[in-house]
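**Student:** Dropping a structure here in structure tokens format, bear with me for questions.
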Ligand code: FNR
């Protein structure tokens with residue numbers, strides 16, 4: 037595939053604080069976006085984005101795993117020429133991280149899917165368009181410039197083929213198949229907060245709307261005024277059910293019937309790059325490579341599926357070692373520049389971040405997404421200097437020290 041360079045804003049300008057819009061100046065880290073999003077969003081929507089499953093054991097482990105890794109910097113190595121440029125599938129990106137696919141983004145942020153894609157692109161990286169998004173994938177490709185599509189594959193081959201044809205025609209060149217959702221996780225917080233899909237208007241939701249008028253007017257009503265009632269757009273080759281519905285009609289896609297045969301079938305008919313997301317076992321990583329996948333995303337879905345699952349960081353080194361020729365990517369719990377570098381150190385070629393970017397989009401739109409990406413970029417740049425390296429990949433030369441606890 038021809039190498040295409042995405043504009044590299046890092047080389048153009050390191051973060052210039054005075055260029056940051058005033059309302060964003062107090063946002064100094066990715067975690068700073070969570071508080072404003074919590075206040076801005078109704079509990080049902082905030083809980084859907086922030087939540088994990090059951091006792092949130094995995095959700096907290098995703099952060100704890102990073103804290104148990106100590107860094108061992110080298111000094112006096114002339115680190116004045118630092119460069120974050122990262123290669124992925126023959127493309128050059130300005131940053132070693134992108135934005136993970138997130139469903140319902142347009143419910144949290146006005147035009148959320150396009151805003152995430154545009155914000156990512158403006159900083160020289162990309163966002164993956166979600167199968168569970170409320171924006172037709174064609175518009176995310178055309179208006180947001182998105183080229184990675186994440187799918188929840190329907191159970192039968194004719195439907196898979198029709199969906200992939202639609203995705204290809206829209207211009208996507210990389211297909212991510214999410215494999216860790218054979219059934220929905222047990223998200224008790226959604227049930228407690230009145231969030232189910234399709235949404236049913238209950239007194240609980242109505243009250244949440246009344247107490248969050250800025251979200252109702254600036255996101256929900258604006259979305260409906262601009263594009264009509266949101267629907268599940270990208271589960272299949274045709275539009276799915278509406279977001280709000282009196283009866284809970286779900287589109288039946290028999291995800292629990294999926295097996296590696298389906299991946300091999302997809303490999304045969306999908307002309308672009310193929311990635312499986314949600315790999316945590318080295319045997320599955322090998323099966324993905326044997327099925328002809330170009331990459332895997334080592335991920336536990338941000339702690340949103342099976343509670344008690346290991347942090348992907350714990351299994352990353354053995355998966356990297358088992359797949360020397362395959363692109364190994366990572367997500368779940370990345371919040372700091374040091375987290376990105378630790379994941380790369382342990383074998384990741386590229387890293388994705390989820391929730392903080394959706395919080396940034398919810399409260400501040402595309403400028404928020406750009407600011408969040410710039411914050412993480414600046415942290416990585418600073419951390420590289422402090423570690424004694426000049427590229428993210430050089431983190432591989434470091435051997436981190438496991439810390440007790
Ligand atoms: C997700 N995730 C997700 N993954 C996927 O493959 N398809 C999807 O539609 C969604 N939807 C989704 C919605 C929301 C609100 C969140 C927070 C997450 C999981 C996502 O891609 C990623 O694996 C995690 O978000 C990464 O963890 P962090 O960075 O959020 O901790």
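Numbering (this note's numbering), first residue to last: 37 to 441.
Quick reminder that beta carbons are idealized off the backbone N, C-alpha and C, glycines included.
So residue 213 and residue 334 are supposed to be a Cβ contact under 8 Å. How far apart are they, rounded?
**Tutor:** No, residue 213 and residue 334 are not in contact; Cβ-Cβ is about 14 Å, not under 8 Å.
**Student:** So for residue 238, helix, strand or coil by DSSP?
**Tutor:** coil
**Student:** Provide the residue span of the beta strand (DSSP E) that contains residue 365, from first to last.
**Tutor:** 363-367
**Student:** Can you tell me whether residue 272 is helix, strand or coil according to DSSP?
**Tutor:** coil
**Student:** Using only the alpha-carbon positions, how far apart do residue 118 and residue 153 sit?
**Tutor:** 26 Å
**Student:** Only counting runs of 3 or more residues, tell me where the beta strand (DSSP E) segments fall wholly within the segment 105-161, in order along the chain.
**Tutor:** Taken in chain order, the unbroken stretches of beta strand (DSSP E) that lie wholly in the segment 105-161 and span 3 residues or more are 122-124, 127-129, 133-135.
**Student:** Comparing C-alpha positions only, which one of 249, 105, 413, 327 sits nearest to residue 350?
**Tutor:** 105
**Student:** What does the alpha-carbon distance come out to for the pair residue 402 and residue 155?
**Tutor:** 5 Å
**Student:** From which residue to which residue does the alpha helix (DSSP H) around residue 374 run?
**Tutor:** 373-381
**Student:** If I follow the unbroken beta strand (DSSP E) through residue 94, where does it start and stop?
**Tutor:** That residue, residue 94, is in no beta strand (DSSP E); its alpha helix (DSSP H) goes 93-103.
**Student:** Going by the C-beta, is residue 138 closer than 8 Å to any heavy atom of the ligand FNR?
**Tutor:** Yes.
**Student:** Does the structure place the segment 262-274 close enough to the segment 199-207 that three or more beta carbon pairs sit under 8 Å?
**Tutor:** yes
**Student:** For residue 224 and residue 369, what's the separation of their Cα atoms in angstroms?
**Tutor:** 20 Å
**Student:** Mind checking residue 361: buried by the 16 CB within 10 Å criterion, or exposed?
**Tutor:** exposed
**Student:** Could you name the residues of the same chain whose beta carbon sits closer than 7 Å to that of residue 297, not counting the 5 residues immediately before and after it, in chain order?
**Tutor:** none
**Student:** Terminal residues of the continuous alpha helix (DSSP H) containing residue 333?
**Tutor:** Premise fails: residue 333 lies in the beta strand (DSSP E), 331-334, not in any alpha helix (DSSP H).
**Student:** Is it true that the CB of residue 172 sits closer than 9 Å to the CB of residue 395?
**Tutor:** no
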